[in-house]
Amino acid sequence: MRKPELVIIDLDGTLLRGDQTVGERTLEAIAQARDRGVMITFATGRMVSASRKYLRLLGIDLPMVALNGALVKGDREDESDVVYHAPVPEDSFRAMFDAIAQSRATVSVVKIDRTFGWNINPEISKKLSAWIVN
262 MRKPELVIID LDGTLLRGDQ TVGERTLEAI AQARDRGVMI TFATGRMVSA SRKYLRLLGI
322 DLPMVALNGA LVKGDREDES DVVYHAPVPE DSFRAMFDAI AQSRATVSVV KIDRTFGWNI
382 NPEISKKLSA WIVN
């Protein structure tokens, strides 16, 4: 069997335990894979900024898939390392924004690594805190 060249790992519920930490056995397995030349990166619904500490913990220098596939980006805090970005078209966003502004719906909109929210109560804010980091 051929060894994999690249392993892409989800964060929440896969790499991360319930307390948002990475288990020792998992760290060892990833280190062993890297020692064998396997490239490692992430694919997640999170923003890059909410994944950055895990990129650094594992020494990942490849771009990661973020925002459920809408963004492929490296660890830089600016936008100079964006590989792929598929934003909602501006006309669609404007139409949605008008509907959002008139509703009482809880909404979070992400642009690369910035988040804008409406009607975010403390309970929802707590649930979003791991996913959103401004």
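Mind the numbering: the sequence shown is residues 262 to 395 in my numbering, read in order. Built from N, CA and C at the ideal position, the CB exists for glycine as well. Note that the structure is predicted; figures quoted are calculated from it, not measured.
By the Cβ-count criterion, V371 is buried, with 16 or more other Cβ atoms from all chains shown falling within 10 Å of its own Cβ. One alpha carbon belongs to G330, the other to A360, and they sit about 25 Å apart.
Bounds of the alpha helix (DSSP H) holding K314 are R313 to L318.
Positions of the alpha helix (DSSP H) runs, each at least 4 residues long and wholly inside the region 339-395, are given as 351-363 and 383-389 in order along the chain. Around the beta-carbon of L332, 16 or more other beta-carbon atoms lie within 10 Å, marking it buried. Rounded to the nearest whole angstrom, the CA to CA distance from D322 to R307 is 17 Å. With a beta-carbon spacing of about 19 Å, V268 and V309 fall beyond the 8 Å limit used to define contacts. Around the Cβ of I385, a 10 Å sphere holds fewer than 16 other Cβ atoms; the residue is exposed. Spanning the alpha carbons of K387 and R375 requires a straight line of approximately 17 Å.
In this structure L316 is buried. Its beta-carbon is surrounded by 16 or more other beta-carbon atoms within 10 angstroms. Where I270 is concerned, there is no enclosing alpha helix (DSSP H), although the beta strand (DSSP E) around it starts and stops at L267 to I270.
The alpha carbon of A327 has as its nearest neighbour, out of L276, Y345, L319 and S341, the alpha carbon of Y345.
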